[in-house]
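Note that our numbering has the sequence shown beginning at 9, numbered continuously upward. Each residue gets a CB set at the ideal place from its N, CA and C atoms; glycine is no exception.
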Amino acid sequence: MNIKMIAVDMDGTFLNDNNTYDWKRFEKIFEYLKQRGIHFVAASGSQFQRLQGQFAPFANEIDYISQNGSLVHCGSQLEISNPLQVTDYVDLLKELKKNFSSKDLVMKITAGLEYIYAEKNLSAPYIDRLKRYYSAIKSVSSLEHLAALENNEDQLIKVGVTFAPDIDFETASAKLRSLLPKSLASLDSGFNTHLIGPASVDKKTGIRYLQEKYQIRDDEIMTFGDNENDIGMLSLTPYSFAMNNATARIKKAAKNTTVYDNNHAGVLDTLEKILMG
9 MNIKMIAVDM DGTFLNDNNT YDWKRFEKIF EYLKQRGIHF VAASGSQFQR
59 LQGQFAPFAN EIDYISQNGS LVHCGSQLEI SNPLQVTDYV DLLKELKKNF
109 SSKDLVMKIT AGLEYIYAEK NLSAPYIDRL KRYYSAIKSV SSLEHLAALE
159 NNEDQLIKVG VTFAPDIDFE TASAKLRSLL PKSLASLDSG FNTHLIGPAS
209 VDKKTGIRYL QEKYQIRDDE IMTFGDNEND IGMLSLTPYS FAMNNATARI
259 KKAAKNTTVY DNNHAGVLDT LEKILMG
């Protein structure tokens, strides 16, 4: 085994359910990786700004695949951006409004390059949830109005939709996907939430970009994930690990499963045992 890159999902994988990780333990592992020229990649459906904050001491030494592959950063340097087409964005919001009631679709957000945009009438519990998973948030009167943003203000990267906790999520997901044009795709990102963006990108395409940049083969990569939006990168390498807490479908997509779940540092345990002996 000659690992040159490690890509980890964050929520439900690298982070525990309290949104934290064992910093001191990771610091030792990260120093080991740096000494051997192994790249560490945070690959998430979340926002770049939040990811950087979670790795503050190492922020500029880590690569980031955020918004499920739509953005790739090396440290603080933006490498690639795959925004939504404005026509797709406008049409999508119309379809969501026409086909889902506010009772079933309890939260809509627009993820930009700089900010996460939420409508001002969003209820308090969902505002609190946003703050848990995003850091740079702006309230707007209407998501539709964002289509008029100039390019130098922000780019529209994803639309996030969250379904009510009592809804049949599989049925709602199928209905949502049936409404999307071929240019768009949605990925289940956990917590009854889909992130919708260009169909041509996911975490795997983000990894492909970094592979080419660093000249790394598939069998020199180790990946970790727990949800549908991780399947692409889990299928990429023989050294893929589904989390112990992942569903059967995700475990089937990966070649291996961690011994411990995300609340017991399953990623760190695996890295220590396999790479550090």
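| Contacts around residue 41, its chain only, beta-carbon distance under 6 Å, and the 5 residues preceding and following it disregarded | So the qualifying residues of the chain are 48.
| query | Using a beta-carbon distance below 7 Å, is residue 87 in contact with chain D? | reply | No chain D is present in this structure, which holds just one protein chain.
| Distance CB(residue 259)-CB(residue 246) smaller than 7 Å | Contact: no.
| Which first and last residues belong to the alpha helix (DSSP H) in which residue 133 is found? | Run containing residue 133: 132-141, per the alpha helix (DSSP H) assignment.
| query | What are the start and end residues of the alpha helix (DSSP H) that includes residue 199? | reply | No alpha helix (DSSP H) holds residue 199; DSSP gives it neither H nor E.
| query | Buried or exposed: where does residue 43 fall if 16 or more other Cβ atoms within 10 Å of its Cβ makes it buried? | reply | exposed
| query | Can residue 172 and residue 234 be called in contact, C-beta distance under 7 Å? | reply | no
| said: If contacts are defined as beta-carbon pairs under 8 Å, then residue 169 and residue 188 qualify, I think. What distance do you get, rounded to the angstrom? | reply: 11 Å between Cβ atoms; not a contact.
| said: Tell me the residue span of the beta strand (DSSP E) that contains residue 48. | reply: 47-51
| said: DSSP three-state label for residue 263, please. | reply: coil
| Span of the beta strand (DSSP E), counted from its first residue to its last, around residue 115 | Annotation for residue 115: the continuous beta strand (DSSP E) segment containing it runs 113-120.
| said: With three or more beta-carbon pairs closer than 8 Å as the criterion, would you say the stretch 71-85 touches the stretch 94-112? | reply: no
| Smallest Cα separation from residue 231: which of 202, 17 and 114? | 17
| How do the stretch 29-36 and the stretch 208-217 stand: do at least 3 beta-carbon pairs fall below 8 Å, yes or no? | At 8 Å Cβ cutoff, the stretches do not touch.
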